[in-house]
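This report concerns only the one structure given below.
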Amino acid sequence: TGVAVSPAPVPRAERLVPTLRNLFEELSGLELADADPGASFLELGLDSLVLTQAALAVQKQFGVKVTFRQLLEEVPSLGQLAAFLDGRMPPEAAPVAAAAPTAQLTANILGQPQVATSAGAAFPVQAAPAVFPAQAAAGAAFPAQGMTAGAAFPAQAMAFPAQAMAAPAGTLQAVVAQQLWLMTQQLVLLSGQPSQAMAAQAFPQAPAAQAPSEPVAVQAQASQPAPAPSAPATVATPAAAPDEADLKGPVKYDVKKAFGAIARISLAPKDSLTPRQQTFLEDFTRRYTTKTQGSKRSAQENRSQLSDPRVVTGFRPLLKELIYPLAVNRSKGSKLWDVDGNEYLDALNGFGSVMFGHAPDFITQAVHKQVDDGYELGPMHPLAGEVAKLVCEFTGADRAALCNTGSEAVMGALRIARTVTGRSTVAIFSGSYHGIFDEVLVRGTKSLRTVPAAPGIMAGAVQDVLVLDYGTPESLEILRSRADSLAAIMVEPVQSRRPDFQPREFLHQLRDLTQKSGSVYIFDEVITGFRMHPGGAQAVFGVQADVATYGKVVGGGMPIGVIAGKRPFMDALDGGHWQFGDDSVPTVGVTYFAGTFVRHPLALAAAKAALEHMKAAGPELQRSVSAKADQLASTLNAFFDEVGAPLRIKHFGSLWKTFVTADVANADLLFCLLRDKGIHIWDGFPCFFTTAHSDTDLRRLITAFQDSVTELQDAGFLPGTARPQPQAPAAFDSNQPPVPGARLGRDPQGNPAWFVPHPTVPGKFVK
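Using full-length UniProt numbering, you'd call the opening residue of the sequence shown number 1 and step up by one each time.
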């Protein structure tokens, strides 16, 4: 046999065309096997979404930057794109002519026929069915493609690894690697070592090919029996980290680890109560359920049809009769009224969406006017542009986009970040709340693996999210080490369930890091936006994010979400600026973002009214509301310290939350007592002040807390010492004057009293 003559190598540009065809086919779902390389992408049916994805995929796979605009104008076909890439990729190494004699020498030694490979070298064909060694003990291995481990090579037959056959033409490293492997096997044979020694020699992994080559088909001769396969190799699996050992199956519900607003349900047996506790609980349950019987009846009657986690959250067998929300049918200002006519001071305030009290006149008038004018869906409403301009004026953003909820805004922001950067991984922080879609309902682990935080969320949905501790030096170092692979770092600048932690320096450090790495810096200001300052938390901390998300306050009580940010990022939603009357076109690749109820006219009317109201009031609006939270926290925390109650009020701006600072079995009773005293509040949720809360409302809230804590301490449900009750005055005794010379008389109310000489005015007596 002689050396096989290989054909002239195919130019790389031509070899890139099928690779690009496959890439575009995978992205678009279209059949492009027969696509003409000269046909434009538009002629092939590829739209702007596919071309945006393609630009990112090409850059990732070939290391050459291609923009959406270039795919439209400069390289608008597969052939032109292939030539463009070929001209910018590193040059290929020339084929090595010495490969053929080496293969010939091997064939002579082994007495085997040869086959020509795409690298231009002839390699021996195995005389029997190929049995390649699996992973060697040292860890280097052949690919496990149906191979068995430990098979001895026949003395006169050496199997050449399949990846050597598929080495791409002109790849110098691959050819050299093939030669070295062949020489090693030849030396083993010549030294008379057993065939197992050959099996231990792992073929080196070939470097990644610039373009795929077709594998060489090797016909095995059936004249010799195949060696008997040995037992499959056993590959050791690393033990799961302690915090991951129970994560391999479906996610299970755990009330102690309940995430965000998920329904908290505990079926643990009833706690053992003392007689005093039992009597108190029975009396309170009777009183409260009688007072709110309409709400309880509504919950029971609707349970079979209405599926709602709010109705069951907080369930425990001990408090079963108290687990139902108040059914409220009227509101105004700081007050709510339930179906039984009971009045409540609202502390929850729409989970932060209510900033001006319920049904403020300036909002209701704007919404009523829009109802009269119509609330059509589909057409562009003039208010959309007005709201966007006001948002940009408040926040300093270049552009703004509208949607329905804060969750949608966060989802859109992440999509923007990945579109612009071409990267996949997003970093967020434990304890932050970013909404209800799968990708942000996650938990981190010690090994930096991210897992779903609720049943029904697949592991694959969260694999591109990195969860770290918030505000720690260790997290900062991890982010620095991975910065170049991060599409975005997203923060809830002050976490709503940890309002006292306000990491100003950490937020600035993240700004520096993202500017250097090109990652998108996202502020989730759905809660903090417009509430803490007209410019949100960014203004409070002096940090300008690339993109920010908003909701709640900006909607004036109506459902809305907003994404606002710098132009290079926001352009990913609509292609960027263009204008009429010239040849300008959208030049930025776009991602998908839409919704039926986006830009709802009623929400737009409320949003415009809210923004204009805040603009007229200025920053004093936010400062005055935040001052009430300051006073509440200082007054109640002093009271808690005085009576030894394990409670704390923590706040940021006008957001405040009650924390139980010790392990107290039935501390959730506090919130039941507060509702009984006319405070609308739920356990586990942050509370908010509004412009409608008066000083009288503040005193009412403080008194309700103090009285509830005192009752729970008296009943033995809270530790500490209850505040001493005022002593009743001693019975009046007309025969025992308090001091010598005192005179008997009557006070202004007509009650008998003693009067003593005035200390400075002779002849005058005082009580």
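Don't be surprised by glycine CBs; every beta carbon is placed ideally from N, CA and C.
- Query: Closest to Glu31 by CA distance: which of Arg21, Ala39 and Gly38 is it?
  - Reply: Arg21
- Note down, in chain order, each residue of its chain lying with its Cβ closer than 6 Å to the Cβ of Ala417, except the 5 sequence neighbours on either side. Ala487, Ala488 and Val520
- Task: Taking the CB atoms as reference points, tell me whether Gly341 and His358 lie closer together than 9 Å.
- Result: no
- Message: DSSP three-state label for Gly716, please.
- Response: coil
- Query: Are the beta-carbon atoms belonging to Thr691 and Ser626 less than 9 Å from one another?
  - Reply: no
- Message: Closer than 8 Å is the cut-off here; do at least three beta carbon pairs connect the region 507-520 with the region 605-614?
- Response: no
- Measure the C-alpha to C-alpha separation of residue 768 and Gly589 and round it to an integer number of angstroms. There is no way to answer for residue 768, as the model of the chain reaches only from 1 to 767.
- Own chain, CB closer than 6 Å to Leu414, minus 5 neighbours either side, in chain order: Val426
- Task: Out of Thr696, Asp707, His434 and Gly741, state which residue places its alpha-carbon closest to the alpha-carbon of Lys335.
- Result: Thr696
- Query: Buried or exposed: which applies to His434, given that a residue is buried once 16 or more other Cβ atoms fall within 10 Å of its Cβ?
  - Reply: buried
- In whole angstroms, what separates the C-alpha of Phe580 from that of Pro601? 27 Å
- Task: Please name the residue or residues paired with Pro757 in a DSSP beta bridge.
- Result: Phe765
- Within 9 Å, strictly: CB atoms of Phe640 and Leu647: yes
- Query: Span of the alpha helix (DSSP H) holding Arg287?
  - Reply: Pro275 to Lys291
- Message: For the alpha helix (DSSP H) containing Phe671, name the first residue and the last one.
- Response: Leu669 to Asp676
- Nearest CA to the CA of Met355: which residue from Asp484, His533 and Arg286? His533
- How do the region 320-331 and the region 290-308 stand: do at least 3 beta-carbon pairs fall below 8 Å, yes or no? yes
- Message: Using a Cβ-Cβ cutoff of less than 8 Å, which residues in the same chain neighbour Leu49 once the five nearest sequence positions on both sides are dropped?
- Response: Val590, Thr591 and Tyr592
- Task: Taking only the alpha-carbon atoms, compute the straight-line gap between Pro309 and Ile265 and give it to the nearest angstrom.
- Result: 10 Å
- Find out if the Cβ-Cβ distance for the pair Leu468, Ser424 is shorter than 9 Å. no
- Message: Measuring CB atoms only, is the region 67-85 touching the region 34-54, in the sense that at least three cross pairs come out at less than 8 Å?
- Response: yes
- Task: Note down, in chain order, each residue of its chain lying with its Cβ closer than 6 Å to the Cβ of Leu318, except the 5 sequence neighbours on either side.
- Result: Lys270 and Asp271
- Task: Spell out the partners DSSP gives Asp524 in its beta bridges.
- Result: Thr549
- Query: Counting pairs of beta carbons, one from the region 487-503 and one from the region 647-660, are three or more of them closer than 8 Å?
  - Reply: yes
- Item | Limits of the beta strand (DSSP E) - the one that Met614 falls within | It is not in any beta strand (DSSP E) - Met614 instead sits in the alpha helix (DSSP H) that spans Pro601 to Ala617.
- Message: Quick check: what's the CA-CA separation for Glu244 versus Gly678?
- Response: Bear in mind that the predicted position of Glu244 carries a pLDDT of just 47, short of 50, making it too unreliable to give a figure here.
- Message: Tell me which residues share the same chain as Met380 and place their Cβ nearer than 8 Å to its Cβ, disregarding the 5 neighbours each side in the sequence.
- Response: Arg599
- Query: Cα separation between Leu744 and Asn735?
  - Reply: 10 Å
- Message: I'd like the ranges of any beta strand (DSSP E) spanning at least 3 consecutive residues and lying wholly in the region 623-704.
- Response: 647-652 and 655-660
- With 16 other CB atoms within 10 Å as the buried threshold, where does Pro762 fall? exposed
- Query: Taking DSSP as the reference, what is the three-state secondary structure of Ala222?
  - Reply: For Ala222, the predicted model reports a pLDDT of 38, less than 50, meaning its position is unreliable and no value from the coordinates is stated.
- Query: In the structure shown, what three-state DSSP assignment does residue 821 receive?
  - Reply: Outside the shown range of the chain (1 to 767) lies residue 821, about which nothing can therefore be said.
- Task: Identify, in the order they occur along the chain, each residue of the same chain with its Cβ nearer than 6 Å to the Cβ of Ala704, setting aside the five sequence neighbours on each side.
- Result: Leu674, Lys677 and Ile679
- Message: Quick check: what's the CA-CA separation for His368 versus Glu620?
- Response: 28 Å
- Query: What are the partner residues of Leu402, as DSSP defines its beta bridges?
  - Reply: Val562
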